[in-house]
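Engineer: If you count the sequence shown from 1, position 108 lands on 108 in full-length UniProt numbering, and the numbers rise without skipping.
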Amino acid sequence: MDPLVCLCQKPTPALVTQLFFLLPFSDFDQLPNEVPVSANIADAQEKSGFTSYYVFVIEVKTKGGGRYLIFRRYRQFYALHSKLEERYGAENKSNTFAFTLPVLPGKVYVGAKKEIAESRIPILNIYMKKLLCLPSWVLMDEDLRLFFYQSDFDCEQVPKGLRRLRPRTRRVVSSPLCPALFDFLGTSTLELNFKKGDLIYLLSRINKDWLEGTVHNATGIFPCAFVTIIQDLPPEEGTINWLRCYYQDDTVSSIRDISVEEDLSSTPLFKDLMALMRREFDRDDIVLNYRDSEGDLIRLVSDQDVELMVSQGRRRPSEKHFFPWKLHITDQDDLSVYNTSPGGGISQALAMKGW
Numbered sequence: 001m002d003p004l005v006c007l008c009q010k011p012t013p014a015l016v017t018q019l020f021f022l023l024p025f026s027d028f029d030q031l032p033n034e035v036p037v038s039a040n041i042a043d044a045q046e047k048s049g050f051t052s053y054y055v056f057v058i059e060v061k062t063k064g065g066g067r068y069l070i071f072r073r074y075r076q077f078y079a080l081h082s083k084l085e086e087r088y089g090a091e092n093k094s095n096t097f098a099f100t101l102p103v104l105p106g107k108v109y110v111g112a113k114k115e116i117a118e119s120r121i122p123i124l125n126i127y128m129k130k131l132l133c134l135p136s137w138v139l140m141d142e143d144l145r146l147f148f149y150q151s152d153f154d155c156e157q158v159p160k161g162l163r164r165l166r167p168r169t170r171r172v173v174s175s176p177l178c179p180a181l182f183d184f185l186g187t188s189t190l191e192l193n194f195k196k197g198d199l200i201y202l203l204s205r206i207n208k209d210w211l212e213g214t215v216h217n218a219t220g221i222f223p224c225a226f227v228t229i230i231q232d233l234p235p236e237e238g239t240i241n242w243l244r245c246y247y248q249d250d251t252v253s254s255i256r257d258i259s260v261e262e263d264l265s266s267t268p269l270f271k272d273l274m275a276l277m278r279r280e281f282d283r284d285d286i287v288l289n290y291r292d293s294e295g296d297l298i299r300l301v302s303d304q305d306v307e308l309m310v311s312q313g314r315r316r317p318s319e320k321h322f323f324p325w326k327l328h329i330t331d332q333d334d335l336s337v338y339n340t341s342p343g344g345g346i347s348q349a350l351a352m353k354g355w
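1) What's the call for S151, buried or exposed, on a 16-neighbour Cβ count within 10 Å?
2) Where V172 and F194 are concerned, what is the direct C-alpha to C-alpha distance, given to the nearest angstrom?
3) Could you give the first and the last residue of the continuous alpha helix (DSSP H) run that contains N125?
4) Comparing C-alpha positions only, which one of L276, Q248, K271, S254 sits nearest to V260?
5) Among G106, A79, I200, Q157, which residue has its Cα nearest to the Cα of L177?
6) Can you tell me whether L131 sits near the ligand FMN, meaning its C-beta is under 7 Å from at least one heavy atom of the ligand?
7) If you measure between the beta carbons of F147 and L104, is that distance less than 8 Å?
8) Between the alpha carbons of C133 and V37, how many angstroms are there, rounded?
9) Going by C-alpha to C-alpha distance, which of L190, Y88, N125, C155 sits closest to F71?
10) Could you tell me which residues DSSP pairs with G213 in its beta bridges?
11) Going by CA-CA distance only, name the one from F153, R283, Q312 that's closest to residue 377.
12) I need the straight-line Cα distance from M128 to S48, nearest angstrom please.
13) Tell me the DSSP bridge mates of R67?
14) So the candidates are E46, I58, A39, K63; which of them puts its Cα closest to the Cα of N33?
15) For E46, report the span of its alpha helix (DSSP H) as first-last.
16) Take the Cβ of P268 as the centre, count every other Cβ of all protein chains shown within 10 Å, and call the residue buried at 16 or more, exposed below.
17) Flag this pair as touching only if the segment 219–229 and the segment 240–252 have three or more C-beta atom pairs under 8 Å; answer yes or no.
18) Pairing CB atoms from the segment 278–289 with CB atoms from the segment 315–322, are three or more of them under 8 Å?
19) Can you list, in chain order, the stretches of the beta strand (DSSP E) that have 3 or more residues and sit fully within the UniProt domain "PB1" (240–332)?
20) Taking A39 and I121 to be in contact with their CB atoms under 8 Å, please state how far apart those CB atoms are, rounded to whole angstroms.
21) Do F270 and S302 have their beta-carbon atoms positioned less than 8 Å apart in this structure?
22) Spatial neighbours of R73 within its chain, please: CB distance less than 7 Å, with the 5 preceding and 5 following residues excluded, ordered by chain position.
23) By DSSP, does P24 sit in helix, in strand, or in coil?
24) Would F50 pass as a contact of E307 if the rule is Cβ separation under 8 Å?
25) Once you ignore the five residues that flank F77 on each side, which residues in its own chain have a CB closer than 7 Å to its CB?
26) Would you mind working out which of G295, D209, L190, I230 sits nearest A218, comparing C-alpha positions?
27) Where does Y53 fall in DSSP's three states?
28) For W340, does the count of other Cβ atoms within 10 angstroms reach 16, so buried, or fall short, so exposed?
29) Is F148 helix, strand or coil when you go by DSSP?
30) Consult DSSP for V138 and reduce its assignment to one of helix, strand or coil.
31) Quick check on this structure: which residue in L327, V227, E142 has the alpha carbon closest to the alpha carbon of M274?
32) What span of residues does the beta strand (DSSP E) with L177 cover, start to end?
33) Please classify Y149: is it buried, with 16 or more other beta-carbons within 10 angstroms of its beta-carbon, or exposed?
34) Which residues share a DSSP beta bridge with E191?
35) Which residue wins for smallest C-alpha separation from L335, given the options P102, R299, G313?
36) Check each candidate in L192, D284, W137, W325 and name the one with the smallest Cα separation from L297.
This is how it looks when you write it as structure tokens:
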């Protein structure tokens with residue numbers, strides 16, 4: 001088989017095996033331009049999804065010279081490593097092409113999330129560097145390429161800051177800008193030094209008090225009070241998705257849309273979903289439900305129930321930025337919301353519940 005034909009196909013384990021014979025280990029020229037060749041963590045930022053978590057902002061560079069940002073949680077690193085270990089690990093005796101994979105930092109179950117995320121950054125950078133230095137045919141592995149692929153969800157994200165990504169030169173052809181009102185001497189390597197009158201090109205807004213910009217071939221953050229903005233940054237498009245919840249007790253029925261910083265295709269754990277709803281509605285004596293295709297309420301009690309709800313929800317049309325499945329929150333002792341008459345159908349169920 002022609003190596004060029006192989007490289008145009010979807011990378012499957014069988015295809016990777018063929019590439020092992022067709023591509024020399026040092027031959028890099030025949031790989032597609034979109035294959036990742038380096039990756040570096042630019043920042044770690046907190047997200048509020050079904051549970052609070054940290055995501056790593058990673059700059060990926062491709063063989064063809066392209067650059068883009070992806071957003072990955074530690075558990076995605078762990079899932080990738082597990083698949084590669086199963087496929088190519090040295091302990092896999094049935095694999096003729098087994099080799100030693102780079103070491104991934106282990107899971108941490110106790111500690112502050114921010115400190116854990118920060119401590120993982122240098123180790124994960126080394127891990128990605130070694131991973132992308134493996135033989136060329138390994139770079140065609142489907143799971144590895146999907147991990148470094150920029151998804152639609154990645155494209156929608158707006159990084160709050162790129163603290164660890166400081167290029168020597170960042171040319172800006174057309175960008176919002178601001179002149180400096182005063183001299184500013186940063187107190188750390190993350191901060192941008194400038195003098196009164198310098199024209200600073202704006203890159204991002206970190207928060208209401210700090211900006212990120214570039215001047216004199218240097219990039220860093222600085223306080224807003226030291227500049228006057230003559231051309232502001234464009235407003236950031238919201239990347240938060242929404243979960244619609246229907247709440248009912250003895251006296252009140254209401255609809256609440258809850259903001260969730262998660263991919264619309266994600267599936268939460270039952271315990272995380274329950275904890276989120278208890279916080280939002282400030283009640284512990286509630287249960288979670290969803291409507292099945294017949295219109296009847298089904299109580300959620302496990303991760304398997306959540307997976308079934310998500311699976312059924314994906315078959316239905318939904319609004320943009322809304323999860324395709326919806327939750328119904330009821331009192332844990334109220335059994336009247338459930339349809340006990342088989343064949344009642346959606347009309348009867350809706351009439352009984354007033355929704």
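C-beta: ideal position from N, C-alpha, C; glycine also. Every value quoted in this text rests on a predicted model; they were computed, and no experiment measured them.
Structural biologist: According to the data block:
1) exposed
2) Its pLDDT being 41, under 50, V172 is placed unreliably in this model, and the value from its coordinates should be taken loosely. Approximately 17 Å, taken between the alpha carbons.
3) 113–131
4) L276
5) I200
6) For the ligand FMN, the structure offers nothing, since it holds no ligand at all.
7) no
8) 8 Å
9) C155
10) L202, G220
11) Missing from the structure shown is residue 377; the chain here goes from 1 to 355 and no further.
12) 26 Å
13) K61
14) K63
15) E46 -> not in any alpha helix (DSSP H); beta strand (DSSP E) instead, spanning 36–48.
16) buried
17) no
18) no
19) 241–248, 253–260, 286–291, 297–299, 327–331
20) With 8 Å as the limit, A39 and I121 do not qualify as a contact, their Cβ atoms being about 12 Å apart.
21) yes
22) Y53, V55
23) Note that P24 scores a pLDDT of 46, beneath 50, so its modelled location is shaky; the value from the coordinates is reported in the next line. Reduced to three states, the DSSP call for P24 is coil.
24) no
25) L104, L124
26) L190
27) strand
28) Here the sequence assigns Thr to residue 340, which means Trp is not the residue at that position. It is exposed - the Cβ of T340 has fewer than 16 other Cβ atoms within 10 Å.
29) helix
30) helix
31) L327
32) 177–179
33) exposed
34) I221
35) R299
36) W325
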